[in-house]
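The structure under discussion appears below in the form of structure tokens.
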Amino acid sequence: MTFREALNWGKEQLKKAGIAEYDLDAWLLMEYVSGISRAMYYVKDRKEMTDECRMRYEDVIRLRMSRIPLQHITGVQEFMGYEFRVNEHVLIPRQDTEILVEEADRAAREAGYSRILDLCTGSGCILLSLLKMEEHRSGTGSDLSEPALETAEENRKLLGISGERAVFQKSDLFENIEGTYDMIVSNPPYIRTEEIRQLQEEVRLFDPYQALDGKEDGLYFYRKIVKEVGRHLRDQGMLLFEIGCDQAEAVSRFLREAGYDQIRVKKDLAGLDRVVGGVYNKARENEEELTNV
Numbered sequence: 363m364t365f366r367e368a369l370n371w372g373k374e375q376l377k378k379a380g381i382a383e384y385d386l387d388a389w390l391l392m393e394y395v396s397g398i399s400r401a402m403y404y405v406k407d408r409k410e411m412t413d414e415c416r417m418r419y420e421d422v423i424r425l426r427m428s429r430i431p432l433q434h435i436t437g438v439q440e441f442m443g444y445e446f447r448v449n450e451h452v453l454i455p456r457q458d459t460e461i462l463v464e465e466a467d468r469a470a471r472e473a474g475y476s477r478i479l480d481l482c483t484g485s486g487c488i489l490l491s492l493l494k495m496e497e498h499r500s501g502t503g504s505d506l507s508e509p510a511l512e513t514a515e516e517n518r519k520l521l522g523i524s525g526e527r528a529v530f531q532k533s534d535l536f537e538n539i540e541g542t543y544d545m546i547v548s549n550p551p552y553i554r555t556e557e558i559r560q561l562q563e564e565v566r567l568f569d570p571y572q573a574l575d576g577k578e579d580g581l582y583f584y585r586k587i588v589k590e591v592g593r594h595l596r597d598q599g600m601l602l603f604e605i606g607c608d609q610a611e612a613v614s615r616f617l618r619e620a621g622y623d624q625i626r627v628k629k630d631l632a633g634l635d636r637v638v639g640g641v642y643n644k645a646r647e648n649e650e651e652l653t654n655v
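Here is the structure:
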């Protein structure tokens, strides 16, 4: 079987299996098993593959046909221009989350923030990307999952970020977090429990459930974080969330009621609400507490 024949076979099999991006996935899996670039493929597309390479390609195509995510097969996902290791213990970094990183980076540059806490860190992609973008930044990534933290630590090493700049801590949100931060970012679980069964098989069956489930209305973790964040976010520090596309109004209200200023909503490339954030105003929070007594 030539490279061209194998690639066409891979496309056909994935298309029959109902894989939406069958063309791209077939190519990426070809690149993964053979190591050839697009340019090199067109040079040797009519040459025969070795039996070992052909068998490996057939194996990974069958894995993808069974709905195992492409990134779980290859073990990597690009995010913010960096390559991250991923597996069944972490959410696969998605383009939507890059909006959160871009907003956090912009706000940090404007305000001079340098110390960052990333709640529900997973693969560590948010925190580590922010640290790669500015060498003077440091921070902590927290997660309840030990395997997720092991993956984040592996990514820290692969990206060449020192253990002094990035620390990963097992913690149920703020439970084991000490000190205060200039900025707190989070992409928490925000899918309504009843909606999880409606997700694509690649997400529903292979992403970690606890990284998806935002409880009954999808807002559980936003409420909890906003309620508990005060002692860990410095005055005039910023809290930024990734949100579901229909959650901007509710999360903005949580921040407003907690005394945050400069509340902002950022849309993604599809024009959907994707990020909500605000600046912590300790004086206003104290005023709200006195008003409610």
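Mapping of the sequence shown onto the working numbering: residues 363 to 655, in sequence order. Where a beta carbon is used, it is the ideal one built from N, C-alpha and C, also for glycine.
Could you tell me whether the segment 578-586 touches the segment 596-612, where touching means 3 or more Cβ pairs closer than 8 angstroms?
yes
Just tell me which of C415, P550, S476 and D421 has its CA closest to the CA of G483.
The amino acid occupying residue 483 in the given sequence is Thr; Gly does not appear at that position. Among C415, P550, S476 and D421, the Cα nearest to that of T483 is on P550.
So, is G639 buried or exposed, given that buried needs 16 or more other C-beta atoms within 10 angstroms?
buried
Leaving out five residues on either side along the sequence, give the residues of the same chain with a beta carbon under 7 angstroms from the beta carbon of V529.
T502
In terms of residue numbering, what span does the beta strand (DSSP E) encompassing F603 cover?
L595 to E604
Does DSSP put A632 in a helix, a strand or coil?
coil
Three-state secondary structure (DSSP) at K532?
strand
I need the straight-line Cα distance from Q375 to D421, nearest angstrom please.
12 angstroms
Residue interval of the beta strand (DSSP E) (run including R477):
R477 to L481
Beta bridge counterpart(s) of S507 as assigned by DSSP
DSSP lists no partner for S507.
Going along the chain, which unbroken runs of the alpha helix (DSSP H) with 4 or more residues stay wholly within the segment 428-473?
432-436 and 457-473
Which residue from E515, I454, M402 and I423 puts its Cα closest to that of G437?
I454
Does the count of Cβ pairs from the segment 533-550 and the segment 585-597 closer than 8 angstroms reach three?
yes
Compute the distance between the beta-carbons of S485 and V448, then report whether it is under 8 angstroms.
yes
Sufficient close CB pairs (3 or more, under 8 angstroms) joining the segment 517-534 to the segment 462-472
no
Should G397 be labelled buried (16 or more other beta-carbon atoms within 10 Å of its own) or exposed?
exposed
Indicate whether V637 and L462 have their beta-carbon atoms separated by less than 8 angstroms.
yes
Option in Y384, D413, E512 and R408 with minimal Cα separation from S428:
Y384
What's the call for A645, buried or exposed, on a 16-neighbour Cβ count within 10 Å?
exposed
So, is T412 buried or exposed, given that buried needs 16 or more other C-beta atoms within 10 angstroms?
exposed
With which residues is I558 paired in a DSSP beta bridge?
None; I558 has no bridge partner.
Enumerate in chain order the residues of its own chain whose CB-to-CB distance from K377 is below 6 angstroms, with the five nearest sequence positions on each side excluded.
Y384
Presumed contact (8 angstroms Cβ cut-off) between T364 and R424, rounded CB distance:
No, T364 and R424 are not in contact; Cβ-Cβ is about 20 angstroms, not under 8 angstroms.
Determine the direct distance from the alpha carbon of E464 to that of Q598, and round the result to whole angstroms.
19 angstroms
Would you identify the three-state DSSP class for L652, choosing helix, strand or coil?
Residue confidence is low: L652 scores 46 on pLDDT, short of 50, so the model does not pin down where it sits. No coordinate-derived value is stated.
Exposure of L631, with buried meaning 16 or more beta-carbon neighbours within 10 Å
exposed
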